[in-house]
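Here the protein sequences line up with chains V and B, keeping their order. Using my numbering, the first residue of the first sequence is number 16, and each one after it goes up by one. Using my numbering, the first residue of the second sequence is number 16, and each one after it goes up by one. Glycine residues also receive a C-beta, built at the ideal position from the N, C-alpha and C atoms. Since this is a predicted model, take the numbers as computed values, not measurements.
Protein chains: 2
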Amino acid sequence: MKTLLLISHPEIEDSGSQQYLLQSLPSSAAITVRHLDTLYSDGKIDREKEQAMLLAHDRILFQFPFYWYSTPSLLKKWQDEVLTEDFAYGKQKNLTGKEFGLVISVGIKETEYQAGGREGFTVNELVAPLRALANKLDMQYVKPLIIYQFHYLSERDRMRLLIKYQQYLTRQHPDSLKKREDWLVEQVQETNRTTISTEGWFILEQALSIVEDHRLAIDELAMLLDAEGEDY
Amino acid sequence: MKTLLLISHPEIEDSGSQQYLLQSLPSSAAITVRHLDTLYSDGKIDREKEQAMLLAHDRILFQFPFYWYSTPSLLKKWQDEVLTEDFAYGKQKNLTGKEFGLVISVGIKETEYQAGGREGFTVNELVAPLRALANKLDMQYVKPLIIYQFHYLSERDRMRLLIKYQQYLTRQHPDSLKKREDWLVEQVQETNRTTISTEGWFILEQALSIVEDHRLAIDELAMLLDAEGEDY
Numbered sequence: 016m017k018t019l020l021l022i023s024h025p026e027i028e029d030s031g032s033q034q035y036l037l038q039s040l041p042s043s044a045a046i047t048v049r050h051l052d053t054l055y056s057d058g059k060i061d062r063e064k065e066q067a068m069l070l071a072h073d074r075i076l077f078q079f080p081f082y083w084y085s086t087p088s089l090l091k092k093w094q095d096e097v098l099t100e101d102f103a104y105g106k107q108k109n110l111t112g113k114e115f116g117l118v119i120s121v122g123i124k125e126t127e128y129q130a131g132g133r134e135g136f137t138v139n140e141l142v143a144p145l146r147a148l149a150n151k152l153d154m155q156y157v158k159p160l161i162i163y164q165f166h167y168l169s170e171r172d173r174m175r176l177l178i179k180y181q182q183y184l185t186r187q188h189p190d191s192l193k194k195r196e197d198w199l200v201e202q203v204q205e206t207n208r209t210t211i212s213t214e215g216w217f218i219l220e221q222a223l224s225i226v227e228d229h230r231l232a233i234d235e236l237a238m239l240l241d242a243e244g245e246d247y
Numbered sequence: 016m017k018t019l020l021l022i023s024h025p026e027i028e029d030s031g032s033q034q035y036l037l038q039s040l041p042s043s044a045a046i047t048v049r050h051l052d053t054l055y056s057d058g059k060i061d062r063e064k065e066q067a068m069l070l071a072h073d074r075i076l077f078q079f080p081f082y083w084y085s086t087p088s089l090l091k092k093w094q095d096e097v098l099t100e101d102f103a104y105g106k107q108k109n110l111t112g113k114e115f116g117l118v119i120s121v122g123i124k125e126t127e128y129q130a131g132g133r134e135g136f137t138v139n140e141l142v143a144p145l146r147a148l149a150n151k152l153d154m155q156y157v158k159p160l161i162i163y164q165f166h167y168l169s170e171r172d173r174m175r176l177l178i179k180y181q182q183y184l185t186r187q188h189p190d191s192l193k194k195r196e197d198w199l200v201e202q203v204q205e206t207n208r209t210t211i212s213t214e215g216w217f218i219l220e221q222a223l224s225i226v227e228d229h230r231l232a233i234d235e236l237a238m239l240l241d242a243e244g245e246d247y
């Protein structure tokens with residue numbers, strides 16, 4: 016599973032949330048990060064290059080701040096110029112079956128995004144154009160990761176966000192408890208032991224062993240219930 | 016009522032629908048037309064100029080082709096750069112009460128824009144970001160004028176579109192039969208007699224006189240029904 020992360024933010028240097036996410040990007044060969052504003056500061060998008068990038072990845076993610084309830088203009092331009100007829104739709108549909116997800120940072124609190132709230136619409140309603148795009152291209156639309164008011168998040172909530180973000184980038188969708196477990200085990204196995212204290216390592220190993228025990232218990236229960244086919 | 020028509024279309028010369036609409040623009044002092052791609056071919060938007068334009072008009076219209084279910088990128092840039100905090104929302108809300116409308120040309124037929132249709136969403140759902148924008152700025156959102164598949168329209172339907180378009184640009188919203196009548200009378204009065212044949216002129220005068228008779232009858236009925244306050 017190779018992920019293409021397309022970031023669009025005209026003022027990324029000044030964005031606390033974007034900097035935080037960027038710093039926590041897993042340095043994995045399976046993730047390609049492209050900041051469109053850096054690549055195309057003159058606004059001239061290299062369509063062939065972008066289309067080749069799309070073909071080479073299985074999951075396409077847009078990461079952007081919610082500007083007027085939508086993508087920033089450069090990411091809009093990217094859509095208009097890269098997702099062309101007979102490449103993305105029409106006679107040839109090269110993106111069929113790939114995953115399409117959104118990482119959106121929003122400056123207003125979540126409860127305002129509903130009828131009666133100050134913004135009047137849910138984020139799900141507001142991203143209808145992007146859902147329609149995924150529909151048109153026969154891509155698999157993945158539940159977005161929406162970050163409301165990053166600046167007000169506590170340190171603990173930022174850590175949670177970081178884990179959700181890393182999972183969003185690398186974990187296979189649709190989500191399940193089993194996949195979250197597998198992801199965790201994999202991450203720990205890839206962790207460099209020398210960067211963690213002996214005590215920290217001990218706690219991690221304990222956590223893993225508990226996860227494994229729980230998995231055994233869940234699998235046994237599932238067998239008893241004859242529900243192996245279900246995705247627990 | 017002064018109308019500001021902001022047109023965004025990167026290939027306006029090649030667009031049959033845009034050319035048709037442009038040619039039928041009433042040459043009225045009450046309409047200011049600005050083609051953003053011509054004004055800002057370098058992509059650098061003059062924010063102060065644009066904000067002054069907004070202040071000087073009562074009705075703001077976006078006219079654009081539906082690119083990926085949304086505005087073209089330059090019009091998105093215009094939104095992001097012109098509709099700034101403390102001008103459009105926040106401490107100062109300079110656009111409160113102004114009308115906000117959309118003239119959208121769409122390449123796919125109307126029946127595909129619904130759940131189960133190929134596009135999967137209604138245009139009303141897809142323009143949620145623009146409806147949310149009007150909501151945020153306390154502007155009066157006017158029912159959009161949507162032009163489906165201009166190229167397949169018959170000559171007669173194009174004439175109908177032309178009248179709807181001219182009314183959309185100049186007539187006061189919300190719409191009513193009385194306002195459509197007033198608009199018609201005004202248009203005929205402004206028409207240069209020398210450009211129409213004697214026979215054509217006679218027909219127009221007859222039509223007007225019928226409209227006026229009908230109006231009298233409607234007003235009398237309304238008085239009888241004691242429903243003068245209603246907007247017939």
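### Task
Mind reading off the beta-carbon distance from V:Ala45 to V:Thr185? Whole number of angstroms is fine, and I expect it under 8 Å.
Their Cβ separation, rounded to whole angstroms, is 7 Å, which keeps V:Ala45 and V:Thr185 in contact under 8 Å.
### Query
With V:Gly116 and V:Leu148 assumed to form a contact (beta carbons below 8 Å), what rounded beta-carbon distance in angstroms separates them?
With a Cβ gap of about 12 Å, V:Gly116 and V:Leu148 do not count as contacting.
### Task
Could you tell me the distance, in whole angstroms, from the CA atom of B:Gln221 to the CA atom of B:Arg208?
Cα to Cα, B:Gln221 sits roughly 15 Å from B:Arg208.
### Task
Give the straight-line distance between the Cα atoms of V:Lys92 and B:Thr47, rounded to the nearest whole angstrom.
Taking the straight line joining both Cα atoms gives about 26 Å.
### Task
Check whether the stretch 111-129 of chain B touches the stretch 169-177 of chain B, counting contact only when three or more Cβ pairs, one atom from each stretch, lie closer than 8 Å.
The stretch 111-129 of chain B, when compared against the stretch 169-177 of chain B, does not touch it at the 8 Å Cβ threshold.
### Message
Taking DSSP's pairing of strands, which residues face B:Phe77 in a bridge?
### Response
B:Phe77 pairs with B:Leu21 and B:Leu117.
### Query
How big is the Cα-Cα spacing for V:Thr111 and V:Ser43?
Distance between the alpha carbons of V:Thr111 and V:Ser43: 25 Å.
### Task
With 8 Å as the C-beta to C-beta threshold (strictly closer), list the residues of the stretch 76-103 of chain B near chain V in chain order.
Against chain V - using a Cβ distance shorter than 8 Å - the residues of the stretch 76-103 of chain B are Tyr82, Trp83, Tyr84, Ser85, Thr86, Pro87, Ser88, Leu89, Lys91, Lys92, Gln94, Asp95 and Leu98.
### Message
Less than 8 Å between C-beta atoms, sequence neighbours within five positions excluded: which residues of the same chain meet that for V:Tyr180?
### Response
Answer for V:Tyr180: Leu36, Ser39, Val118 and Leu160, listed in chain order.
#### Entry: Whole-angstrom distance between V:Gly132 and B:Glu214, CA atom to CA atom
Going from the Cα of B:Glu214 to the Cα of V:Gly132 covers about 58 Å.
### Task
For chain B, find out if any of its Cβ atoms is closer than 8 Å to the Cβ of V:Leu141; answer yes or no.
Interface residue (Cβ-Cβ distance to chain B less than 8 Å): V:Leu141 is classified as such.
### Task
Round the Cβ separation of V:Ala103 and V:Leu145 to the nearest angstrom and send it over; I've been treating them as touching at under 8 Å.
Their Cβ separation, rounded to whole angstroms, is 14 Å, which puts V:Ala103 and V:Leu145 out of contact at 8 Å.
### Task
From the DSSP output, in three-state form, read off V:Thr206 for me.
Of the three classes helix, strand and coil, the one that applies to V:Thr206 here is coil, per DSSP.
### Query
Nearest to V:Asp234 by CA position, among V:Val142, V:Tyr156, V:Trp198 and V:Lys193, is which residue?
Among V:Val142, V:Tyr156, V:Trp198 and V:Lys193, the Cα nearest to that of V:Asp234 belongs to V:Lys193.
### Task
Please compile the residues from chain V whose C-beta is within a distance smaller than 7 Å of the C-beta of B:Gly135.
Ala147 and Asn150, listed in chain order.
### Same chain only: Cβ atoms within 7 Å of V:Trp216, ignoring 5 sequence neighbours per side
These residues qualify, in order along the chain: Arg208.
### the stretch 77-90 of chain B touching the stretch 80-100 of chain V, judged by at least three CB pairs closer than 8 Å
Touching, per the Cβ criterion.
### Query
Looking at the C-beta of B:Pro144, does it have a partner C-beta in chain V at a distance below 8 Å?
At least one CB atom of chain V sits nearer than 8 Å to the CB of B:Pro144.
### From V:Ala143, V:Pro80 and V:Arg173, residue whose alpha carbon lies closest to that of V:Asp29
Shortest Cα-Cα distance from V:Asp29 to any of V:Ala143, V:Pro80 and V:Arg173 involves V:Pro80.
### Message
Tell me which residues share the same chain as V:Glu65 and place their Cβ nearer than 6 Å to its Cβ, disregarding the 5 neighbours each side in the sequence.
### Response
Contacts found: Val97.
### Query
Under a CB-based cut-off of 8 Å, is B:Gly58 close to chain V?
The beta carbon of B:Gly58 falls within 8 Å of a beta carbon belonging to chain V, placing the residue at that interface.
### Query
According to the neighbour-count rule (16 or more other Cβ atoms, all chains shown, within 10 Å of its Cβ), is V:Ala67 buried or exposed?
Counting C-beta atoms within 10 angstroms of its own C-beta, V:Ala67 has fewer than 16 neighbours from the protein chains shown and is therefore classed as exposed.
### Query
Ends of the alpha helix (DSSP H) at B:Thr47?
Not the alpha helix (DSSP H): B:Thr47 falls in the beta strand (DSSP E), residues Ile46 to His50.
### Task
Would you mind giving the Cβ-Cβ distance between B:Gly135 and V:Asn150, rounded to the nearest angstrom? I have them listed as a contact below 8 Å.
Going by Cβ atoms, the distance from B:Gly135 to V:Asn150 rounds to 4 Å, so yes, they are a contact pair.
### Query
Just to confirm, are B:His24 and B:Gln34 a CB contact at a threshold of 8 Å?
Not closer than 8 Å, so no.
### Message
Taking the beta carbon of B:Arg175 as the centre, do at least 16 other beta carbons fall within 10 Å, making it buried, or is it exposed?
### Response
Counting every other CB atom within 10 Å of its CB across the protein chains shown gives B:Arg175 a total below 16, marking it as exposed.
#### Entry: 3 or more residues per run - each beta strand (DSSP E) lying fully within the stretch 127-186 of chain V
Fully enclosed beta strand (DSSP E) runs of 3 or longer: 160-163.
### Task
Use the C-beta contact count for V:Gln78: other C-beta atoms within 10 angstroms, 16 or more gives buried, fewer gives exposed.
Counting Cβ neighbours within 10 Å, V:Gln78 comes out buried, since at least 16 surround it.
### For B:Ser56, three-class secondary structure by DSSP
Reduced to three states, the DSSP call for B:Ser56 is coil.
### Query
So, B:Arg74 versus B:Leu21, is the Cβ gap smaller than 8 Å?
It is not a contact, given that the beta carbons lie outside the stated cut-off.
### Task
To the nearest angstrom, report how far apart V:Gln204 and B:Asn139 are at their CA atoms.
So the alpha carbons of these two residues sit roughly 49 Å apart.
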